[in-house]
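Chains as they are written, first to last, in my numbering: chain A, 71 to 324; chain B, 18 to 457.
Structural data, given as structure tokens:
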């Protein structure tokens, strides 16, 4: 599904990712944990195609195709979804219209006819219920005036609508109370199947109580320094990041 | 010292004087507005045509679009047919329509039935039939000494529309005024209108500017005086779409009496160089004045919106929102002045101007001005000019929406904000469709 090999990426000549490698197979859920500044959001941005990042070395393939050559919208149409850490407010753009354009862009790309209005509205309602999103919010402008929790739930709603093959969740848990966290996790779990893969980027372990990953990776200073099963997340929760930093201390100082 | 010189005032000036002498050479035609005409001519000779050195014309070189050797005549050959008028109908909007061709009111093309006691006639007719109203209002607000173009306009006995809504009348149907320019040769077209809204009256006015002149350069110079009586509620819309070869100076001079509400929104689509001068004088207590504008400029278009909200009396509110989308080598200008006079305590005045610039060669100038002489007032203004928010673009693209579609969606939303101020739903829909086409 996703294959990242020795990825080096920088922003404004500042190297953030320093040789990151990761392989995600269909149906797998990978959690990437790391402290602030370890490169988590850079990884999300690079995968989605944000232009601020420069890739100097390494490769990323998605379903066997070089991802770095693709425009952000092509990546999305091929089935890559990024749930934003900070969803953008689009004043005046109705959620209905936005989702309709997005859904139909995907469908046209996949050779499907545009979704008819009745079916579209039905889907909107179903998927909104999925994450307990008030139907009134659907009539409002995209993310405008949404609370932090509503924005995060709206991201999962969008994910459900767009039906991606690989979803990257960039700190979707940040700023959520426990109820909202459970709702978001619920939404994600309902979308899990043997075809769809997830990369869950998080600072804390708590989301992983609800979305149990197949693999946990620790990202430190732009590289994955440790990988393991779900138990690694618990270990991180107990011990914090310092012991990992110490383990890798020599390299970090260098 | 005289302010005029042949260098500063190009051919239009001499043309105008020649034309003036010809029109008023004593052929016995009626001269209803001789006094205004004389004042207009004197002021025009003194003021001349403004250059970019004039502060209020800093960003707009009007002289480059003034036609040389153009005819001044309002050509009223009967090319415009009822079918032409019908093509400009707005779907689902049931209006009565006043048709004005080259500045002249054309009753035979107009549909004015079922308007109750609303008076719609030509200014010259009104001089006789409604002498008191004309004496009280006509030429009283648009000051010939303040504007060359008001002076030029006033120097001719123009015969535009006199619209009067009597005290207490509520006009249910919106009144559309369709201004059509129809010229076969390079022309100067002038229109002059007076709208008087009585106490407690309510009306919605939609002015549309269209043309069927094709490639011929035209220069329009229009002056409309609007009187909003006590407690009157008036919505006014202006939609400009005369085409790339039509330059225009459009002066709208409004006076508001106590507790009246006046709202005006100007939409500028296809045009050449266009200058809108909107002045609202809140000359009564507790008035509300709302001014809006949307301009989508492409190619070599130049749109200059100039507003003045003049708070004279206490307790008034004013709101302004102007937005521009500037493509290609086009230029947008917003120059909005808010004046709060000493007596105008407890004034609330807000102003917003936003420009989106879509090419390196496009320009947008925004110049807010506040002049406050009262001490208990709330005034604010905001002005932004920039590109489309890159984060918003990326967010759309990350959802599979192409860059072009993302731009359209975001610009449409930006523009729609102004459309929201339009209270007639069919007009909103129609405007949204025009905006959609224009942004494509």
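Even for Gly, the Cβ is constructed at its ideal location relative to N, Cα and C.
Opposing strand residues paired with residue i [DSSP bridges]
i             : result
residue 385/B : 353/B
residue 299/B : 273/B, 328/B
residue 380/B : 348/B
residue 138/B : 179/B
residue 101/A : 270/A, 286/A
residue 323/B : 294/B, 352/B
residue 228/B : 198/B
residue 314/B : 343/B
residue 284/B : 256/B, 311/B
residue 297/A : 287/A
residue 219/B : 187/B, 250/B
C-beta neighbour in chain B for residue i, strict 8 Å
i             : result
residue 158/A : yes
residue 120/A : yes
residue 137/A : no
residue 180/A : no
residue 228/A : yes
residue 152/A : yes
residue 168/A : yes
residue 146/A : yes
residue 218/A : no
residue 141/A : yes
residue 283/A : no
residue 172/A : yes
residue 162/A : yes
residue 261/A : no
residue 232/A : yes
residue 175/A : yes
Residue-level contact to chain A via CB, residue i, 8 Å cutoff
i             : result
residue 23/B  : Note that residue 23/B has pLDDT 40, beneath the 50 cutoff, so the model's placement of it is unreliable and the number below is only indicative. For residue 23/B, the answer is no, since every Cβ of chain A falls outside 8 Å of its Cβ.
residue 450/B : no
residue 376/B : no
residue 427/B : yes
residue 328/B : no
residue 105/B : no
residue 431/B : yes
residue 31/B  : no
residue 158/B : no
residue 412/B : yes
residue 15/B  : Look at the range of chain B in this structure, 18 to 457, and you will see that residue 15/B is not part of it.
residue 457/B : no
residue 353/B : no
residue 408/B : yes
residue 419/B : yes
residue 416/B : yes
residue 434/B : yes
Proximal residues to residue i (C-beta, below 8 Å), its chain only, five neighbours per side dropped
i             : result
residue 393/B : 362, 363
residue 265/A : 96, 97, 235
residue 232/B : 262
Sequence-distant residues of its chain with Cβ nearer than 6 Å to residue i (five each side left out)
i             : result
residue 302/A : 286
residue 241/B : 210, 269
residue 375/B : 344
residue 77/A  : 87, 90, 128
residue 84/B  : 203, 234, 236
residue 244/B : 154, 213, 272
Beta-carbon proximity check, residue i vs residue j, cutoff 8 Å
i             : j             : result
residue 284/B : residue 271/B : no
residue 336/B : residue 367/B : yes
residue 150/A : residue 289/A : no
residue 246/A : residue 221/A : no
residue 249/B : residue 214/B : yes
residue 67/B  : residue 165/B : yes
residue 300/B : residue 329/B : yes
residue 175/B : residue 212/B : no
residue 208/A : residue 176/A : no
residue 173/A : residue 231/A : yes
Own chain residues within Cβ distance below 7 Å of residue i, not counting five before or after
i             : result
residue 314/A : 288, 290, 295, 296
CB contact below 8 Å: residue i versus chain C
i             : result
residue 400/B : The structure shown contains no chain C; its protein chains are A and B.
Notebook entry, point to check: Between the region 287–294 of chain A and the region 88–101 of chain A, are three or more C-beta pairs nearer than 8 Å?
Noted result: yes
Check: Touching or not, the region 388–404 of chain B and the region 115–128 of chain A, by the rule of three or more beta carbon pairs under 8 Å?
Finding: no
Next item on the list: Determine, using beta-carbon pairs with one atom in the region 385–392 of chain B and one in the region 138–150 of chain A, whether at least three such pairs fall under 8 Å.
Entry: no
Item checked: Cβ pair count under 8 Å reaching 3, the region 130–137 of chain B against the region 94–110 of chain B -> no
Check: Just checking, does the region 317–325 of chain B make contact with the region 285–298 of chain B on the three C-beta pairs under 8 Å criterion?
Finding: yes
Next item on the list: Please confirm if the region 435–445 of chain B is in contact with the region 177–193 of chain A, defined as three or more CB-CB distances below 8 Å between the two stretches.
Entry: no
Check: Quick one: any contact between the region 214–232 of chain B and the region 136–147 of chain B, if contact means 3 or more CB pairs under 8 Å?
Finding: no
Check: Should the region 73–84 of chain B be regarded as contacting the region 181–199 of chain B, the criterion being three or more beta carbon pairs within less than 8 Å?
Finding: no
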